[in-house]
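Report on the structure given below.
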Amino acid sequence: MTPLIFVTGGVVSSLGKGIAAASLASILEARGLSVTMMKLDPYINVDPGTMSPFQHGEVYVTDDGAETDLDLGHYERFVRTRLTGKNSITAGKIYESVIRKERRGDYLGATVQVIPHITDEIKHSIHEATRGFDVALVEIGGTVGDIESLPFLEAIRQLRIEHGPEKCMFVHLTLVPYIKAAGEIKTKPTQHSVKELRSIGIQPDVLLCRCEEPLPDGERHKIALFTNVPKNAVISTIDVDVIYKLPMWLHEQGLDELVIKRLGLDAGPADLSSWERTVEAVEHPRDEVTVAIVGKYVEHKDAYKSLGEALRHGGIKQSTRVNLRWVDSEDVEARGARTVLGDADAILVPGGFGKRGFEGKILAAQFARETGIPYFGICYGMHAAVVEFARNTAGLTQADSSENDRNTPDPVIALITEWTTATGETEQRSERSDLGGTMRLGAQECRLKAGTLARELYGEDVVRERHRHRYEFNNRYRQSFEDLGLVISGKSMDDLLVEIIELPRQVHPWFLGCQAHPEFTSTPREGHPLFIGFVRAAREYKAVRDGDKLAIRSEESAA
Numbered sequence: 003m004t005p006l007i008f009v010t011g012g013v014v015s016s017l018g019k020g021i022a023a024a025s026l027a028s029i030l031e032a033r034g035l036s037v038t039m040m041k042l043d044p045y046i047n048v049d050p051g052t053m054s055p056f057q058h059g060e061v062y063v064t065d066d067g068a069e070t071d072l073d074l075g076h077y078e079r080f081v082r083t084r085l086t087g088k089n090s091i092t093a094g095k096i097y098e099s100v101i102r103k104e105r106r107g108d109y110l111g112a113t114v115q116v117i118p119h120i121t122d123e124i125k126h127s128i129h130e131a132t133r134g135f136d137v138a139l140v141e142i143g144g145t146v147g148d149i150e151s152l153p154f155l156e157a158i159r160q161l162r163i164e165h166g167p168e169k170c171m172f173v174h175l176t177l178v179p180y181i182k183a184a185g186e187i188k189t190k191p192t193q194h195s196v197k198e199l200r201s202i203g204i205q206p207d208v209l210l211c212r213c214e215e216p217l218p219d220g221e222r223h224k225i226a227l228f229t230n231v232p233k234n235a236v237i238s239t240i241d242v243d244v245i246y247k248l249p250m251w252l253h254e255q256g257l258d259e260l261v262i263k264r265l266g267l268d269a270g271p272a273d274l275s276s277w278e279r280t281v282e283a284v285e286h287p288r289d290e291v292t293v294a295i296v297g298k299y300v301e302h303k304d305a306y307k308s309l310g311e312a313l314r315h316g317g318i319k320q321s322t323r324v325n326l327r328w329v330d331s332e333d334v335e336a337r338g339a340r341t342v343l344g345d346a347d348a349i350l351v352p353g354g355f356g357k358r359g360f361e362g363k364i365l366a367a368q369f370a371r372e373t374g375i376p377y378f379g380i381c382y383g384m385h386a387a388v389v390e391f392a393r394n395t396a397g398l399t400q401a402d403s404s405e406n407d408r409n410t411p412d413p414v415i416a417l418i419t420e421w422t423t424a425t426g427e428t429e430q431r432s433e434r435s436d437l438g439g440t441m442r443l444g445a446q447e448c449r450l451k452a453g454t455l456a457r458e459l460y461g462e463d464v465v466r467e468r469h470r471h472r473y474e475f476n477n478r479y480r481q482s483f484e485d486l487g488l489v490i491s492g493k494s495m496d497d498l499l500v501e502i503i504e505l506p507r508q509v510h511p512w513f514l515g516c517q518a519h520p521e522f523t524s525t526p527r528e529g530h531p532l533f534i535g536f537v538r539a540a541r542e543y544k545a546v547r548d549g550d551k552l553a554i555r556s557e558e559s560a561a
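In my numbering, each number is its position in the sequence shown, counted from 1, plus 2.
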């Protein structure tokens, strides 16, 4: 059995369990271990695919097409292991599987109960996802004390009993607040959180204490005394200005050494040099640009979590700070693109669904095309660029996406009902298909056209990116748009689907739209070719624009 480290959270939500777990995993990986990660979410949804971005944030897509919790994005950004749908389990998936087995008669007439049937299914899912690795970290979603997470906590308690403490370890993340009015750190919330865990049979081995500043020695001793955790296992998890510092911070406190000794892992010394270089680039940038992100869900930044990180990664690879300006696409509609976007160094229009705000995205694409400002359209952002080209270059003034106007005379973006998957199988869909799990999902290969911007950036003829969408470029308009100057630089391997569009560089220095979501494969240590190129284009645009300003000022001064 793979040794398991279970990460739970207490007191309040949003303490950063995912980041903390991923940071520990990255240290263990840096010590030469093969590491995987897993998220257990207690909500009843089968997956987050149909959940509102305002409620749940981003839906992260894995190579195999699973729609998962955004924490899996943190995991893949911190460790090099590629995850699958097995690494994201919800209560909905567990209950669905158990009920399906009950209907088949697999339980031979037994009364199906939370214990043992639900807990057994949870344990089976954990074993399936973690088999074959040196160590696995399993994050339990929610907060200890929530009624819906009890079956998951009971399952991991049973695993500890069944396999022993040398195979299962409990790490609990909790809050140690600083009360400004009293000028004191309060340990009572942590004491009560651990008390809640112990009441259901789980004794933490390590406490990660989220706090503003490192815990004083006296508070660490007090927490250790009242929680039955060794003092050296009470770890300060402070607020860091750069999240990629956290692996170094936890390593300095000896967290990885505690884990290795407890689980008897055969590991070498930690090589965190790649993280040190990443932090160095973040803290000492040589340039700075501002990217306007024109989206629908900008009030909830987690809806675009991977996107924001990918832009920052593009800057890290060239020691450039990327400032993100979140722009509501309806604001562009109301005030005009030049007013809202005129001083940005680049414009990015991300994915989304539905009619609201789409015209604002089209206006953003038009402004970028006409002014030469770098433009990057991702999924729905590519759709906006295609519709804008149709209306203002091809003269199809009523062109639209059939997602938003089923009666448009020119559906340049339309529902594609059949496509070939990466495995060569044919998948189908229609407007009557369920919303959940019916999109074109997961990694698909794309063939790039020689001499194009996309081919230059990737440096390869065939690339593989992850998808999440229902609507595609309508092939009825492919030839006529190419005749008018639109470059189709990427197509599916069967030549049926348009994957990447761009404008010729003699017309626009950097204008590209892609159907896939390249942000899902960007990492802080490697970045992603498209985002690196986009940030570089923003730097070049800014340099030219600021150079023109300096020239004008010089002329005015001379006059």
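A virtual CB, placed ideally from N, CA and C, is assigned to each residue, including glycine.
Remember, predicted model here, so these are calculated numbers, not experimental data.
Exposure of residue i, with buried meaning 16 or more beta-carbon neighbours within 10 Å
i: Lys544; result: buried
i: Ser491; result: buried
i: Ala22; result: buried
i: Leu6; result: buried
i: Ile29; result: buried
i: His165; result: exposed
i: Glu301; result: exposed
i: Glu521; result: buried
i: Ser238; result: buried
i: Thr322; result: buried
i: Lys363; result: buried
i: Ser195; result: buried
i: Thr280; result: buried
i: Asp273; result: exposed
i: Pro352; result: buried
i: Lys263; result: exposed
Candidates the options: closest to residue i by CA position
i: Met441; options: Pro206, Gln517 and Val173; result: Gln517
i: Arg541; options: Lys319, Asp496, Ala367 and Arg480; result: Lys319
i: Gly147; options: Gly134, Lys169 and Pro44; result: Pro44
i: Leu265; options: Asp548, Phe8 and Thr525; result: Phe8
i: Ala539; options: Lys451, Gln481 and Thr292; result: Thr292
i: His58; options: His253, Ile202, Asp73 and Thr239; result: Asp73
i: Arg4; options: Glu168, Val61, Ile46 and Gly11; result: The amino acid occupying residue 4 in the given sequence is Thr; Arg does not appear at that position. If we check each option's Cα against that of Thr4, Glu168 comes out closest.
i: Thr523; options: Arg466, Ser482 and Val500; result: Arg466
i: Leu42; options: Ala27, Leu35, Gly356 and Lys19; result: Lys19
i: Met53; options: Gly374, Thr38, Met39 and Asp71; result: Asp71
i: Val242; options: Trp251, Val236 and Ala235; result: Trp251
i: Leu26; options: Ser16, Thr322, Met39 and Tyr460; result: Met39
i: Pro216; options: Val388, Val236 and Ile503; result: Val236
i: His510; options: Asn476, Tyr377 and Leu486; result: Tyr377
i: Ala93; options: Ala138, Arg106, Leu155 and Gly111; result: Leu155
i: Leu257; options: Ala392, Leu175, Arg371 and Ser90; result: Leu175
i: Leu161; options: Ile124, Lys188, Met384 and Pro179; result: Ile124
i: Ser16; options: Arg82, Thr145 and Tyr460; result: Thr145
i: Val37; options: Lys307, Lys451 and Gly134; result: Gly134
Residues bridged to residue i [DSSP beta-bridge criterion]
i: Phe378; result: Leu350 and Leu514
i: Ile181; result: Glu186
i: Ser238; result: Cys211
i: Trp328; result: Ile295
i: Ser494; result: Cys448
i: Arg323; result: Glu290
i: Ser403; result: Ile415
i: Met39; result: Leu139
i: Phe8; result: Val140 and Phe172
i: Thr410; result: Answer is none; Thr410 lacks a bridge partner.
i: Leu443; result: Arg470
i: Val146; result: None, per the DSSP bridge assignment.
i: Gly529; result: Thr525
i: Tyr62; result: Thr70
i: Ile503; result: Ile490 and Gly515
i: Val465; result: Cys448
CB-CB length for residue i against residue j, believed under 8 Å
i: Lys303; j: Trp328; result: 7 Å
i: His530; j: His315; result: 7 Å
i: Tyr77; j: Ala24; result: 5 Å
i: Asp136; j: Leu35; result: 4 Å
i: Val14; j: Leu152; result: In fact, because the Cβ distance is near 18 Å, the residues do not count as touching under 8 Å.
i: Thr410; j: Asp402; result: 4 Å
i: Arg79; j: Thr525; result: 5 Å
i: Asn325; j: Glu372; result: Not confirmed; about 24 Å, so no contact.
i: Ile96; j: Ile120; result: 6 Å
i: Gly444; j: Gly11; result: Not confirmed; about 30 Å, so no contact.
Where are the alpha helix (DSSP H) runs, 4 residues long or more, that stay fully inside the segment 151-178, in chain order? 152-165
Let me know the beta strand (DSSP E) ranges lying completely inside the segment 69-133, each 3 residues or longer, listed in chain order. 90-92
4 or more residues per run - each alpha helix (DSSP H) lying fully within the segment 221-270: 248-254 and 257-265
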